[in-house]
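Remarks on the structure that follows.
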Amino acid sequence: MSAPAAHHYTTTGLDSRKIAIWAFIGSECMLFVSLISTYLIYKGRSVVGPYPHEEWVSPTGEHFKAILNIPVTSASTFVLLMSSLFMVLALAAVQNKDVPKRTTGERILGSSKLWLFATAVAGTTFLGFQAFEFTSFVHEGLSIRTNLFGSSFFTLTGFHGAHVTAGVIWLLTLLAIDYRRGLGPNDALIVDIAALYWHFVDVVWIAIFTLVYLIK
Amino acid sequence: MKGKARLRQLAPLGIAIALLTLAACADSYPNTTFDPHSELGRAIDSIWDRLLILGTIVFVLVEAALLYVVFRYRRRPNDTSTPPQTHGNAVLEIIWTIIPAVILLFIAVPTVRTIFKTQAKAVAGALEIQVIGHQWWWEFRYPEYNIVTANEIYIPTGRTVNFKMTSQDVIHSFWIPQLAGKRDVIANRTNYIWFTPDTTLGPSVWNGFCTEYCGASHAKMRFRVFTVKPDQFASWVAGQQRPAAFGAQQGAPPPMLMPFPGARNDRAAPAPPSNPAVTAPVGAATASLASAGPGYTFPQNQPEFDYAKPHTPVPAGLKFTPGLTGNAARGQQVYSSAACIGCHTITGNPMSMGATAPNLTHIGSRATLGAGTFPNTPAYLALWIKNARAMKPGVLMPTLGKGEYDPQLKQKVTTGGLDDQQIADIVAYLTSLK
Amino acid sequence: MATSAAPAHLAPKSAVGYDEHSGIWSWIATVDHKRIGLLYLFTALGFFLVGGLEAVIIRAQLQGPNGTIVSAEMYNQLFTMHGTTMIFLAVMPLSAAFFNFLIPLQIGARDVAFPRLNAFSYWVYLFGGLFITLPIFFKVAPNGGWFGYTPLTTPSFSPQVNIDFWVVGLQILGVSSLAAAFNFITTIINLRAPGMTLMRMPMFTWMSFVVQFMLVLAFPVITIALVFLLFDRFFGTQFYEIAAGADPLLWQHLFWIFGHPEVYILILPAFGLVSEIIPANSRKPLFGYPVMVYSGILIALLGFGVWAHHMFAVGMGPIADSVFALATMLIGIPTGVKIFNWIGTMAQGQVRFTTAMLFAIGLVALFTIGGISGVMHSSPPADLQQTDTYFIVAHFHYVLFGGSIMGIFGGIYHYFPKMTGRLMNERLGKIHFWINFIGMNLTFFPMHFSGMLGMPRRIYTYDAGQGWDTFNLISSIGAYMLVVSTAIFAYNFLRSRRNGEIAGSNPWNAGTLEWTIPSPVPEYNFAELPKVTSRYPLWEGNETDAESARINSQEGKTPADLGIVLPYSTIKPMIVAFSMVVMFTGLLISKAVLFIGAAVMVVALYSWLLAPLEPEHH
């Protein structure tokens, strides 16, 4: 959202958008709390398989392992965590745009384009992992329509994936602005807000990874 | 003067209100919650009394204070002074925080006590009645006696009845205002409510209602509860345990084959036995199985129980040929070869094993039709068979009368419809099933 | 209606090139919080009439036993839409009208924090409201109750399109409420004038502030509950399918975690309005201001912990029943404190019986009844007799009609001069009040009896001889009186806009900040941001307040005179809102519509976000 001009008086001295994004994140917390609670309430209530952590036998007599693939998801979790680090670097680069860079290392660290791009790539990689996971689940007989586990699992992780997707689009938009006119310290706020959102989405994933994947 | 004129204008309104209030007082209240006839009803009512007394006191005091302040401190004409600009008074505010808290304490203590008392496990030896909600009728089973009935319950006075409930479809709620509070009837869950009808009760009938909105005919999902003396109850049980009275094979009826549904995910209640009918002890009433004739049924058309007799008007345009006489034997044949048997069970008629609609084994002994919507007389029964969907919105029971308009399919019944003579025969057959 | 005193030829032309000050475009493209507030007011009053009409048909059907005015199917649509309309399309947006119009004026701001987002909220509300309302004219309106209990609303038991409108429509309206809530939270935190500390904020702004937090925390929960239902209905998921082992209570928990805070979302703004009206008409500051603030916050906090008292009959077990009963009873304490403090405000004051004040006193009197009956079903054993009967209908109409609607009517009479520069006719207003007051009690008081005498809710007909006939007849007569009173109000409202007495800046001699500026309010609100030193600058303020008031009371200044930069008018928020509703409609019609709506929405959203809010400052 484009800036209310900086000369406007505010009570706190903060930009209004910064306050709004915190209110938004508060609201999003309730959204994910509802989704995760539903998943947990419905865990173990499915009347047919597949199940998340137990082996199961399909009606045709095939044996299946527990469906959640923790090593693969650990990898995607790591990628998403790294993206948060890139996001921090991107924000720092924007804030310090005007600081002269002397070494190659400083130039690399100071490249907001690089780090915004890296964050978006990491986010996209995470989405790729998720697409892979969803496809393999469907092959193993678990779709969003199969049972309560399928419905609540795909909806929860899908909602998170949609948030990551929105974040990637947001990052790419910032990247485009960076290419068109360059992002400088005056734009730090809009990058900061995107970063807050991105970190939030990341934190939510850690909760999901723990509660859905790790805890049996 | 002006005020008096205005008062005079308001007088007719006042008189009308007074008359209506009088009219309300003259009515009788067959479903009142203020006159309970079980220990559960009285436990609730005693809390209600306390709430009413405290509530009335609070109401009177607050409204009196409001009126007093409003009139005492009304602005006088030509008064231009500024009133004292007080911002609050800590003592006063603490007082009027504590007073409601104390009042609430007087409510909270008996509330919690009653919750735990009334939601304890029912006593051993209680009569279990399984309640299964359907859109829009009630299935009642007495596993102890191997009886299945619909929309009507007989219970003996003085014996605790434990209702065990679940639903086959949407959520319903089971309510007999004069005997107990409500309990929701929910698929995939088992709920209980128990109470003991007063020993002092004479044979009486009570209206029951579905109180959770459950779709098109929620308003017409009623039922009847007959509280009867233990010996009358035993006689009724004996009658109900017999197979269909007309053209039935001899011998004891087969046990109920349907297990109590749901409860799969019910963590609160212990898993029910897979076939309660088989495991439950067979009561003393079974002994009288051999005796002939129908068992006790609650006598109809008693003026003091008129409230239990439905007055629903028949839709305009639904007519039945006058003067037809039905033949029960023919009716049994028509019934057994028509769509009826796909949904209804008549124990003793081996063709009729459907399980999705009310059990008709003793339909002739019931007081009402369509879950308390119409009196169970041959005339209403004929119209019901002819076009149930016109008589009760949304029902599964199809429109069967030849040439009748089916409001759900939005077309007339052509092939396979029954003519009035066939319907009269079925009516003769069904009404013979006492 | 002229909200701006500035002559049109002096106004800056917007970039798009239409006149910003009159004509329909000036309303469609407005981002001015006052105009948006008025749009909310008109629209919500329109929906209020629709919801009222639905109620009258319901009362006509129930006037006597075995009524045949409407069919069962139509009745079910009517009561579903009456509840849905009154809650989501009438009372909430009427509150939003006051949030929009009043909050910036009460805190000394030129607009809300995000003016275009504000316009977006309104348009989403309008289009979403039409989306959910229009089906009833084609007899396919939602028919699952405003509470939409599963499994009745799942595709297994309601395969028709009716519930689709409800699920999708509420989802759309949720977007509107959430966007507005973020906006107002930010506005109140960040745009208070110098010296307007939190504990100097007018009580309406305080209660609104609390409500915004409740919206932000409660709406996501219903959003998710609705997403599950929407997925069940459109994509074949199993969340509420009993055959798949679903727990029918999942919906009830999620719904009431939202639904109970929603009750306070409906009532707290009215409490806020009354807390403005009573001091102004008693010529005394609000009694116990801090306690009023804290009790509002406490009501909100407790409001999130009592949802299961709507579920005492579902068999939660004695422990859960007890816990929720006690929590519910606790809410009675802060609510009682509010009632006493209002009475305390009037005591020793000079109570002036303006129409607004009559409605405010009416609220105190009637809400007390609703509060008492509320305590009556906080006790689960007692509630087992009361729940799902007309006793409950009586209770929440005393809360929502006797509370919210009375407060909102009072607010309209009180703030009409600030909105239009003219007073509503007081004589007609008092007639409106008395017919409304008597009609309201006549309609709803007998329902206490019909309920306790065994009459279930949501029944399209009842049999004769049940002891309910007379009470229902009285209720219906009361409802017809409410029609009369509402017609008088509508006439007064429409007529006073043009012919009412000129009001002046402070017709009620009130003390808060919004009464320091001209009526109608100039588009920039405050010529100079006020400096605030007290809760009632006009009553208790020092020279600083007086100086601010003097500057801000000047009429006839244009933004250009004062060097004030105002946001551009724009229709982009409306286009985003419209295409979003098209996108949702696509769910019901075809994927093509869905994708077209989504594409237009994204393009318009980018266009909005990348366009500057206002001219560069020189």
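Chains as they are written, first to last, in my numbering: chain A, -14 to 201; chain B, 3 to 436; chain C, 15 to 632. Even for Gly, the Cβ is constructed at its ideal location relative to N, Cα and C.
One or two residues paired with F225/B in a DSSP bridge: G210/B
Distance CB(N193/B)-CB(M167/B) smaller than 8 Å: Yes. Within cutoff.
Taking 8 Å as the cut-off, does the region 537 to 548 of chain C touch the region 54 to 71 of chain C (at least 3 CB pairs, one atom from each stretch)? no
Give the C-beta separation of H145/A and I193/A to the nearest angstrom, bearing in mind that I take them to be a contact with Cβ-Cβ under 8 Å. The Cβ separation is near 6 Å, so the contact holds.
Between the region 463 to 478 of chain C and the region 81 to 97 of chain C, are three or more C-beta pairs nearer than 8 Å? yes
Cβ-based contacts, 7 Å cut-off: residues of the region 105 to 137 of chain B near chain C: L106, I109, A110, T113, V114, T116, I117, F118, T120, Q121
Buried or exposed for L24/C, please, with buried defined as at least 16 other CB atoms from any protein chain shown within 10 angstroms of its CB. Residue confidence for L24/C is low, a pLDDT of 39 falling below 50, so the modelled location carries little weight; the figure read from the coordinates is stated next. Exposed.
Along chain C, which residues have their Cβ under 8 Å away from the Cβ of L20/A? I238
With a CB to CB cut of under 6 Å and the five nearest residues on each side skipped, what residues in its chain are close to P14/C? An answer regarding residue 14/C cannot be provided, because it is not within the stretch 15 to 632 covered by chain C.
Chain-order list of residues whose beta-carbon lies under 7 Å from that of T167/C (same chain, five-residue window excluded): G158, I177, L243
Counting Cβ pairs, one atom from each stretch, are 3 or more of them under 8 Å apart for the region 606 to 615 of chain C and the region 581 to 595 of chain C? yes
T403/C, DSSP secondary structure in three states: strand
Check S109/C in the structure and name its three-state DSSP category. helix
Quick one: which chain C residues come within Cβ less than 9 Å of N33/B? L467, G468, M469, Q480, G481, W482
Report the three-state DSSP secondary structure of R165/A (helix, strand or coil). DSSP places R165/A within a helical segment (H, G or I) once states are collapsed to three.
Nearest to Q174/C by CA position, among F211/B, A218/B, T159/B, is which residue? Ranked by Cα distance from Q174/C, the options F211/B, A218/B, T159/B are led by A218/B.
Contact under 8 Å by Cβ, F113/C with F227/C: No.
Have a look at A122/B and G273/C and give me their C-alpha separation to the nearest angstrom. Cα to Cα, A122/B sits roughly 30 Å from G273/C.
With a 10 Å radius around its C-beta and 16 neighbouring C-beta atoms as the bar for buried, classify L344/C as buried or exposed. buried
Run of the beta strand (DSSP E) containing T151/B, from where it starts to where it stops: 149 to 152
Cβ pair I109/B, R44/B closer than 8 Å: no
What's the call for L116/C, buried or exposed, on a 16-neighbour Cβ count within 10 Å? buried
Have a look at I121/C, F598/C, A504/C and flag the residue whose alpha-carbon is nearest the alpha-carbon of Y(-6)/A. Looking at I121/C, F598/C, A504/C, the one whose alpha-carbon comes closest to that of Y(-6)/A is I121/C.
N-terminal and C-terminal residue of the alpha helix (DSSP H) that G424/C is part of: Per DSSP, the unbroken alpha helix (DSSP H) holding G424/C starts and ends at 420 to 434.
CB-CB under 7 Å to W139/B, same chain, minus the five flanking residues each way: which ones, in chain order? The answer, listed in chain order, is A152, N153, M223, P360, A373.
Skipping 5 residues on each side, what residues in its chain have a beta carbon closer than 6 Å to that of P551/C? Correct list, in chain order: L527, D559.
Helix, strand or coil for S293/B? Go by DSSP, reduced to three states. Confidence in S293/B is poor, its pLDDT being 44 and thus under 50, which makes the residue's placement unreliable; the coordinate value appears in the next sentence. Residue state, collapsed to three classes: coil.
With 8 Å set as the bound, which would you pick, yes or no: does the beta-carbon of Y476/C sit closer than that to a beta-carbon of chain B? Output row for Y476/C: interface = yes.
Using a C-beta to C-beta distance shorter than 7 Å, which residues of chain A count as neighbours of R206/C? T(-4)
Range covered by the beta strand (DSSP E) that runs through K166/B: 163 to 169
Within the same chain, show all residues whose beta-carbon is closer than 6 Å to that of Y309/B, passing over the 5 residues directly before and after it, in chain order. P32
Along chain B, which residues have their Cβ under 7 Å away from the Cβ of R472/C? Taking a Cβ-Cβ cut-off of 7 Å, the neighbours of R472/C in chain B comprise Y215, H220, given in sequence order.
At the 8 Å Cβ level, is A(-10)/A part of the contact set with chain C, yes or no? Annotation note: pLDDT 44 at A(-10)/A (below 50); position unreliable, coordinate value reported separately. Yes, because at least one Cβ of chain C sits closer than 8 Å to the Cβ of A(-10)/A.
Counted within 10 angstroms of its Cβ, other Cβ atoms place Q413/B as buried (16 or more) or exposed: exposed
Apart from the five residues on each side of it in sequence, which residues of its chain come closer than 6 Å, Cβ to Cβ, to S135/C? S190, A193, A194
Grab me the residues of F62/C's own chain with a C-beta within less than 6 Å of its C-beta, minus the 5 sequence neighbours each way, in chain order. A104
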